[in-house]
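The next block holds one structure in the form of structure tokens; read it before the comments.
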Amino acid sequence: MENNIRRFPPDFMFQLTKEEFYELQRNLIFQNGISSWGGTRKLPYAFTQAGLAMLSGLLRALAELQPRDPKPHRRIGFIQEE
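Start counting the sequence shown at 230; every next residue gets the next number (our numbering).
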């Protein structure tokens, strides 16, 4: 993820400050980004309104590339005939 962050325009995404992150933790049930040692390893990033619109458009374009009729998966394991 660190490599991709440099490719994202800074006016579309920013890293939260410690104060902003702890305010979110205090006001929300927020467990993402918490390490097993009890603290955050890195402060999370947040999208601006423009960044969210850009991300939404990108995800919509990716969804259009997915096959519409995926092939049915072959069952794995022991199949007992009736």
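Don't be surprised by glycine CBs; every beta carbon is placed ideally from N, CA and C.
Nothing here was measured: the structure is a model prediction, and the numbers come from that model.
Q. How far does the alpha helix (DSSP H) with Phe-250 in it reach, from first residue to last?
A. 247–256
Q. Mapping DSSP to helix, strand and coil, what is Gln-309?
A. coil
Q: Grab the span of the beta strand (DSSP E) containing Gln-244 for me, first residue to last.
A: 242–244
Q) Between Ile-234 and the rest of its own chain, which residues show a CB-CB distance below 8 Å, the 5 nearest in sequence each way excluded? A) Met-242, Tyr-274
Q) How big is the Cα-Cα spacing for Leu-272 and Phe-307? A) 47 Å
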